[in-house]
Amino acid sequence: MKATETFKKIISDHLERLSLNDSLFAQTIKKANKNIDDCITYIFNTVKDSGCNGFADDEIFAMAVHYYDEDDIKVGEKINCDVVVNHSSAKPKEAKKKEVKPISKTEPRQQLSMF
């Protein structure tokens, strides 16, 4: 599923950014018994168990970090589901800059009175 692959990439990118900024987490993410597929399965099961249909990004990212932090976490069964992702895995495009035209000042004309 394309959405699930995009979801996996977004989670992976987030974890990678965290590991670049946090040396302790960089070691945690390298644990031999942890992988991104089980992380995604853990997130899916946690979301399913909650009964909620929508989550904030930070809540999902926190679930991913929690999966890597805990050594004795139960991943659960693989779930066949669809994921709605409101992020793009591609880098955002830079906005095109509008060409600014200089405002030309014109001399006010003398208007003649008809009366």
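Residue numbers (the working numbering): 145 to 259.
From the three backbone atoms N, C-alpha and C, an ideal C-beta is built for every residue, glycine too.
Euclidean distance between Cα positions of residue i and residue j
| i | j | result |
| --- | --- | --- |
| D181 | Y211 | 11 Å |
| S163 | N177 | 17 Å |
| G195 | N165 | 33 Å |
| K242 | S167 | 42 Å |
Own chain, CB closer than 7 Å to residue i, minus 5 neighbours either side, in chain order
| i | result |
| --- | --- |
| G220 | T185, Y186, N189 |
Of the residues the options, the one placed nearest residue i, counting alpha carbons only
| i | options | result |
| --- | --- | --- |
| N179 | E203, D193, E160 | E160 |
| E203 | K153, F169, H158 | H158 |
| C225 | I155, V191, K174, N165 | V191 |
| G198 | V227, A206, I217, I247 | V227 |
| F169 | D193, K242, A206 | A206 |
Contact under 8 Å by Cβ, residue i with residue j
| i | j | result |
| --- | --- | --- |
| T148 | D213 | no |
Expected contact under 8 Å - CB spacing of residue i and residue j to nearest Å
| i | j | result |
| --- | --- | --- |
| A200 | C183 | Not confirmed; about 18 Å, so no contact. |
Own chain residues within Cβ distance below 6 Å of residue i, not counting five before or after
| i | result |
| --- | --- |
| I223 | F188 |
| I155 | A208 |
Sequence-distant residues of its chain with Cβ nearer than 8 Å to residue i (five each side left out)
| i | result |
| --- | --- |
| I217 | Y186, H210, Y211 |
| K175 | Y212, D215 |
| I247 | none |
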